[in-house]
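In UniProt numbering, the protein residues as written are 1 to 273.
Set out below in structure tokens:
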């Protein structure tokens with residue numbers, strides 16, 4: 001670990017990372033271990049004009065100023081990139097293998113359910129001590145119960161090729177775990193950034209193909225299932241091989257009651273992605 005850390009403490013290493021970041025395949029891997037402060041600075045560097053100068057040296061200085069918590073997260077992320085790694089830890093029947101990303105409400109990990117690793121999942125881990133769960137133990141318990149019930153409803157009801165699948169939700173210690181379909185692809189945001197850097201454009205037929213898939217998914221959610229996705233953006237539209245579109249992140253989803261026109265807001269759905 002000391003050697004890996006030492007390698008990162010080099011402007012040349014960050015220059016190499018910036019070039020690797022232009023690949024969709026590498027982008028998610030680098031995002032999984034770099035702290036957000038470093039990642040934001042790395043993305044801002046213009047790969048076509050910057051050389052190993054002050055831009056990359058600034059990243060080295062930021063790295064050296066990380067606090068203990070940020071440093072430990074960086075090391076944990078680097079370890080998780082090892083293809084021959086043993087599981088980071090276990091949660092019930094799941095082996096947690098790799099940190100995929102960190103969001104406002106929790107972390108998403110790659111996990112398997114069997115020793116042969118035939119089935120992979122994305123598992124979101126959310127701490128129930130966060131303020132949006134409530135200020136009192138009673139409020140937190142009501143919020144947790146609501147989330148468990150709603151995810152169970154979504155798991156049973158949603159079946160569409162352009163909507164991410166939810167499989168299971170459970171509480172373990174003081175964390176809520178949401179088991180989802182593991183998608184092999186990148187967000188539309190990442191794809192657009194990559195295309196811009198490479199001066200590549202979507203064809204009109206590709207745009208229409210993705211747009212139609214997106215509309216079909218939203219129609220299914222809104223009209224057939226009465227679930228409103230109120231946080232739709234290019235960040236939660238995943239693009240996989242063949243420009244397959246999948247809508248994810250029900251972070252600000254609202255469930256519309258079937259017997260009224262009133263839209264009911266639920267704090268619990270903040271955890272869905």
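For every residue, glycine included, the Cβ atom is placed at its ideal position computed from N, Cα and C. Model, not experiment: these values are computed from the prediction.
**Message:** In whole angstroms, give me the CA-to-CA distance for residue 28 and residue 141.
**Reply:** What you label residue 28 is simply residue 28 of the chain shown in a count that begins at 1. What you label residue 141 is simply residue 141 of the chain shown in a count that begins at 1. Roughly 34 angstroms separates the two Cα atoms.
Taking Cβ to Cβ, would you say residue 184 is nearer than 8 angstroms to residue 234?
Stepping through the chain shown from its first residue, residue 184 is reached at position 184. Stepping through the chain shown from its first residue, residue 234 is reached at position 234. No, the Cβ-Cβ distance between residue 184 and residue 234 is not below 8 angstroms.
Under 8 angstroms between the Cβ atoms of residue 177 and residue 123? As a first step, residue 177 must be located in the chain shown, where it is residue number 177. As a first step, residue 123 must be located in the chain shown, where it is residue number 123. Yes; because the gap between Cβ atoms is below 8 angstroms, this pair is in contact.
- Taking Cβ positions, are residue 223 and residue 157 nearer each other than 8 angstroms? Here residue 223 corresponds to residue number 223 of the chain shown, with the count starting at 1. Here residue 157 corresponds to residue number 157 of the chain shown, with the count starting at 1. Contact: no.
List, from N- to C-terminal side, the beta strand (DSSP E) runs of 3 residues or more that fit wholly inside the region 120–191.
120–127, 166–172, 175–181 and 185–187
For this session: From the DSSP output, in three-state form, read off residue 234 for me.
Result: Position 234 of the chain shown, counted from the first residue, corresponds to residue 234. Residue 234 falls in the helix class under three-state DSSP.
* To do: Give, in chain order, every unbroken run of the alpha helix (DSSP H) that is at least 4 residues long and sits entirely within the region 54–101.
  => 54–64 and 68–80
Quiz item: Does DSSP put residue 40 in a helix, a strand or coil?
Solution: Numbered from 1 along the chain shown, position 40 holds the residue referred to as residue 40. Residue 40: helix per DSSP, three-state reduction.
How far does the beta strand (DSSP E) with residue 14 in it reach, from first residue to last?
Sequence index remark: in the chain shown, residue 14 carries index 14 (1-based). No beta strand (DSSP E) contains residue 14, which is instead part of the alpha helix (DSSP H) from 11–20.
- Check the DSSP bridge columns for residue 23 and list the partner residues they point to. The residue labelled residue 23 in the question sits at position 23 within the chain shown. DSSP lists no partner for residue 23.
**Asked** So what does DSSP say about residue 198, is it helix, strand or coil?
**Response** As a working note, residue 198 is residue 198 in the chain shown. Reduced to three states, the DSSP call for residue 198 is helix.
Helix, strand or coil for residue 212? Go by DSSP, reduced to three states.
Position 212 of the chain shown, counting from 1, holds the residue named residue 212. Reduced to three states, the DSSP call for residue 212 is helix.
Nearest to residue 180 (by Cα), restricted to the options 207, 168 and 90 = By one-based count along the chain shown, residue 180 stands at place 180. Looking at the Cα atoms, 168 is the closest of the given residues.
Out of 65, 155 and 20, which has the shortest C-alpha to C-alpha gap to residue 43? For the purposes of this step, residue 43 is taken as residue 43 along the chain shown, with counting starting at 1. If we check each option's Cα against that of residue 43, 20 comes out closest.
So, with DSSP's three-state summary, where would you put residue 207? Taking the first residue of the chain shown as position 1, residue 207 is located at position 207. Correct three-state label for residue 207: helix.
- Task: Between the Cα of residue 11 and those of 188, 57 and 215, spot the shortest distance and give me the residue it belongs to.
- Result: In the chain shown, residue 11 corresponds to position 11, counting from 1. Answer by Cα proximity: 57.
| Between which two residues does the beta strand (DSSP E) harbouring residue 247 extend? | To locate residue 247, count along the chain shown from 1; it is residue 247. Residues 244–247.
> Does the beta-carbon distance from residue 22 to residue 198 come in below 8 angstroms?
Replying inline: The count along the chain shown starts at 1 and reaches residue 22 at position 22. The count along the chain shown starts at 1 and reaches residue 198 at position 198. It is a contact, given that the beta carbons lie within the stated cut-off.
- prompt: So residue 162 and residue 217 are in contact, right, with Cβ under 8 angstroms, and what is the actual spacing, rounded?
  reply: The residue labelled residue 162 in the question sits at position 162 within the chain shown. The residue labelled residue 217 in the question sits at position 217 within the chain shown. About 3 angstroms separates the two Cβ atoms, so the contact holds.
Exercise for review: Grab the span of the beta strand (DSSP E) containing residue 285 for me, first residue to last.
Suggested key: Within the shown structure, residues of the chain are numbered from 1 to 273, placing residue 285 beyond reach of any answer.
- Query: Nearest CA to the CA of residue 144: which residue from 172, 187 and 32?
  - Reply: Within the chain shown, the letter at position 144 stands for residue 144. Measuring from the Cα of residue 144, the nearest candidate turns out to be 172.
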